[in-house]
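K.L.:
Protein chains in written order, with our numbering: chain A, 1 to 325; chain B, 326 to 662.
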């Protein structure tokens, strides 16, 4: 792998609530290189979104980064001041959200919002900022961008709004784009359009992309690498093909088996029994052991990441080796 | 098919529009008189749909948001009357039946909803949510009630010990099980599932899909399974219907649809469904968006996005015609050869 655009090491983001400490992200490490796509997969509450928020510095109290480092071009983002972080956020590191209205202000016209975003990071004239905004809209496939600049967010459809949010995120050709389920609320044909745009742009500008999702099918066609999260930890990482074809961690194996797919028509889906445990009362040791068929007394200890197969890392005492998904 | 279909729709349409008071009617007629046509405010959510579902069949209904699939499902379930056409249950139109027989017929068709948070009364205990209807309809007597209720809960995979709890004390997957137990408690023969697994996590979704398949075998149920997720529909269905802007554009056995999609919309939809079997690939996309149902395109609704559109497509709506045994499609291209 070439030098990483971003390297996250032993990141811990904890929420100090009245009911106790919620370890939403607990000892998470991964790296992503220029132009690469990392799929960060997990079910609700697995900590995938909080991981994204931690990188871009948007964790609100009672949550805070309790340990670890987030290395971007040699500097640790976790230690930057709010001022330094603001210079990077939206400029070198950008994020798109599931709901584009998280990005857009409903009472301002698109041009106002985009020009502001351009001028926040580069000293350019109003006219120049406007023309960059127009180009960005054109790039994400919005027809007649000149007229659309004067529209308000509510005048766009859901898919178009998401395109505007993507255009804003890409205004400064960021080195890193964090996409948090941006297509989950969209229809299949619109989702495909967005995927096509993002893929094209990431290739054009060499943007590293972290795609956060619960949907393995979306990731299968998009990602170079996959990291699977469960209860605040990355339980498996590896090249997309290896993880999807021969998962090592029993949770990944179960997750893939849960997805209805072509070659399993009408058969019973392989299901994972039980449900995700509350982060407030995790069992000691491996958090998955209460749902895992392979668990035994060893699993009451904390499993450390290991490489049961070259290139694939898993936190498991009983990894599956050479078992097809 | 030898037996009568359990549910049959004949030329069913549903329109939604504002009701005008006297002043609004006057304003509209004045504006018509002075040359400017008043804005169309009527949505044709479902447009002349014919559909027959045989006993024991699982029919998947696929479409994107706003295509009218939920409205169609609600008319099948009898909770929304059609604007035109007839909904027949076992060969009779429910609206022509005397009240008590109509009620019995309606009980036989139950619905399961998408949002397990919005579809359960938050102030009722599980025992009342599931047990009220069978008690009211006399399906069970007071003395056998507890045993009946426990059996219903157990069948949906819930622990009867939790029956005194309220919905907020359950997770999303368990709530969906409560919704399923509620629907099955009145001993239906037909279930309309409207995006019943869309709100659930993948591992929980698999549990619920397995439950649906078990129940089908156990209780000889017939399903109309509405979903935007082609993977889910392909997994469960015997037959698949594809809907676009209020019309059914293709209908065929599941194998056939996925192996030989005929309608250009179906083809595009299948090409763009993300699949777990896929590996790193280039995404290409159908251009354009679903037009507003307030102003649907003339002729074939799909023509502005269709790569094969011809002049005829803008003028004349294609009829749903049989192109192979059991495979029907609404596209003018099928006339060309």
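Glycine residues also receive a C-beta, built at the ideal position from the N, C-alpha and C atoms.
Computed from a predicted model, the values in this text were never measured in an experiment.
Does DSSP put residue 124 of chain A in a helix, in a strand, or in coil?
P.N.:
Coil, per DSSP.
K.L.:
Based on DSSP bridge pairs, tell me the residues matched to residue 100 of chain A.
P.N.:
Its beta-bridge partners do not exist; DSSP assigns none.
K.L.:
Would you identify the three-state DSSP class for residue 139 of chain A, choosing helix, strand or coil?
P.N.:
If DSSP states are grouped into helix, strand and coil, residue 139 of chain A belongs with the helices.
K.L.:
Can you tell me the Cα-Cα spacing of residue 326 of chain B and residue 520 of chain B, whole angstroms?
P.N.:
At residue 326 of chain B the pLDDT is 45, less than 50, meaning the model places this residue with poor confidence; the figure from the coordinates comes in the next sentence. Taking the straight line from one Cα to the other gives about 28 Å.
K.L.:
Are the C-beta of residue 570 of chain B and some C-beta of chain E separated by less than 9 Å?
P.N.:
In the displayed structure, chain E is absent; the protein chains listed are A and B.
K.L.:
Unbroken beta strand (DSSP E) runs of length 3 or more, entirely within the stretch 362-434 of chain B: which are they?
P.N.:
You should have 368-378, 383-387 and 409-414.
K.L.:
For chain B, check one thing: does any of its Cβ atoms lie closer than 9 Å to the Cβ of residue 268 of chain A?
P.N.:
Yes, because at least one Cβ of chain B sits closer than 9 Å to the Cβ of residue 268 of chain A.
K.L.:
Among B:369, B:426, B:355 and B:633, which residue has its Cα nearest to the Cα of residue 572 of chain B?
P.N.:
Residue 572 of chain B has its Cα closest to that of B:369, out of B:369, B:426, B:355 and B:633.
K.L.:
Quick one: is residue 647 of chain B buried, meaning 16 or more other Cβ sit within 10 Å of its Cβ, or exposed?
P.N.:
Residue 647 of chain B should be labelled exposed.
K.L.:
When the Cα of residue 541 of chain B is compared with those of A:174, A:225 and A:268, which residue comes out closest?
P.N.:
Nearest of A:174, A:225 and A:268 to residue 541 of chain B, Cα basis: A:268.
K.L.:
For residue 1 of chain A, I'd like the list of residues in its chain whose CB is within less than 6 Å of its CB, leaving aside the five on either flank, ordered along the chain.
P.N.:
With a pLDDT of 44 at residue 1 of chain A, under the threshold of 50, the predicted position of this residue should be treated as unreliable, though the coordinate-derived value follows. 33.
K.L.:
Look up residue 229 of chain A in the DSSP assignment and say whether it is helix, strand or coil.
P.N.:
Of the three classes helix, strand and coil, the one that applies to residue 229 of chain A here is strand, per DSSP.
K.L.:
Under the three-state reduction of DSSP, which class applies to residue 326 of chain B: helix, strand or coil?
P.N.:
At residue 326 of chain B, the pLDDT of 45 sits below 50, so the modelled position is not reliable and the matter cannot be decided from this model.
K.L.:
Within a Cβ cutoff of 7 Å, which residues of the same chain sit near residue 512 of chain B, ignoring the five residues on either side of it in sequence?
P.N.:
Correct list, in chain order: 464.
K.L.:
Closest to residue 559 of chain B by C-alpha separation, out of A:215, A:4, A:260 and A:213, would be which residue?
P.N.:
Considering only alpha carbons, the answer is A:260.
K.L.:
Check the Cβ of residue 605 of chain B against every Cβ in chain A and list those closer than 9 Å, keeping chain order.
P.N.:
What residue 605 of chain B touches in chain A: 37, 220, 221, 222, 223, 224, 240 and 241.
K.L.:
Kindly list the residues whose CB is nearer than 7 Å to the CB of residue 441 of chain B, restricted to its own chain and excluding five residues on each side of it in sequence; keep chain order.
P.N.:
Closer than 7 Å at Cβ, skipping near neighbours: 497, 500, 501, 504 and 524.
K.L.:
Which residue or residues does DSSP assign as beta-bridge partners of residue 21 of chain A?
P.N.:
Residue 21 of chain A pairs with A:16.
K.L.:
Quick one: list the residues of chain A neighbouring residue 557 of chain B, beta-carbon separation under 9 Å, in chain order.
P.N.:
Within 9 Å Cβ-Cβ: 260.
K.L.:
I'd like to know whether the C-beta of residue 1 of chain A is nearer than 9 Å to at least one C-beta of chain B.
P.N.:
Because residue 1 of chain A carries a pLDDT of 44, less than 50, the predicted location of this residue cannot be relied on, and the following value inherits that uncertainty. It does not; no Cβ of chain B falls within 9 Å.
K.L.:
From the beta carbon of residue 326 of chain B, is the nearest beta carbon of chain A less than 9 Å away?
P.N.:
Any reading at residue 326 of chain B needs caution, since the residue's pLDDT is 45, under 50, leaving its predicted position unreliable; the model's value is listed next. For residue 326 of chain B, the answer is no, since every Cβ of chain A falls outside 9 Å of its Cβ.
K.L.:
Taking buried to mean at least 16 other C-beta atoms within 10 Å of its own C-beta, is residue 416 of chain B buried or exposed?
P.N.:
Under this definition residue 416 of chain B is an exposed residue.
K.L.:
Expressed to the nearest angstrom, what Euclidean distance is found between the alpha-carbon atoms of residue 396 of chain B and residue 56 of chain A?
P.N.:
Each residue's alpha carbon lies about 42 Å from the other.
K.L.:
Taking the alpha helix (DSSP H) that residue 638 of chain B falls in, what are its first and last residues?
P.N.:
Start and end: 636-640.
K.L.:
How would you label residue 619 of chain B, buried or exposed, when you count the other beta carbons within 10 angstroms and need 16 or more for buried?
P.N.:
Under this definition residue 619 of chain B is an exposed residue.
K.L.:
Under 7 Å Cβ to Cβ from residue 516 of chain B, same chain only, skipping five residues before and after it: list those, please.
P.N.:
Result list for residue 516 of chain B: 435, 437, 508, 546 and 548, in chain order.
K.L.:
So, at 6 Å on beta carbons, what are the nonlocal neighbours of residue 229 of chain A in its own chain, with the 5 sequence-adjacent residues on each side left out?
P.N.:
Hits under 6 Å: 42, 46, 47 and 48.
K.L.:
Taking Cβ to Cβ, would you say residue 199 of chain A is nearer than 9 Å to residue 607 of chain B?
P.N.:
A contact, by the Cβ cut-off of 9 Å.
K.L.:
Could you tell me which residues DSSP pairs with residue 646 of chain B in its beta bridges?
P.N.:
In the DSSP output, where bridge partners are listed per residue, residue 646 of chain B has B:654.
K.L.:
Taking the C-alpha atoms as reference points, what is the distance between residue 149 of chain A and residue 163 of chain A?
P.N.:
When rounded, the distance between both Cα atoms is 13 Å.
K.L.:
Once DSSP output is grouped into helix, strand and coil, what is the label at residue 286 of chain A?
P.N.:
Residue 286 of chain A falls in the coil class under three-state DSSP.
K.L.:
Measuring alpha carbon to alpha carbon, tell me which of B:632, B:576, B:642 and B:439 ends up nearest residue 650 of chain B.
P.N.:
When only C-alpha atoms are compared, the closest one is B:576.
K.L.:
Along the chain, where does the beta strand (DSSP E) containing residue 338 of chain B start, and where does it finish?
P.N.:
Residues 332-341.
K.L.:
In terms of DSSP beta bridges, what is residue 519 of chain B paired with?
P.N.:
Paired residue(s): B:551.
K.L.:
Taking only beta-carbon atoms, is residue 632 of chain B less than 9 Å away from chain A?
P.N.:
By this cut-off, residue 632 of chain B is not an interface position.
K.L.:
Determine the contact status of residue 168 of chain A and residue 112 of chain A, defining contact as a CB-CB distance below 9 Å.
P.N.:
For residue 168 of chain A and residue 112 of chain A, no; Cβs fall outside 9 Å.
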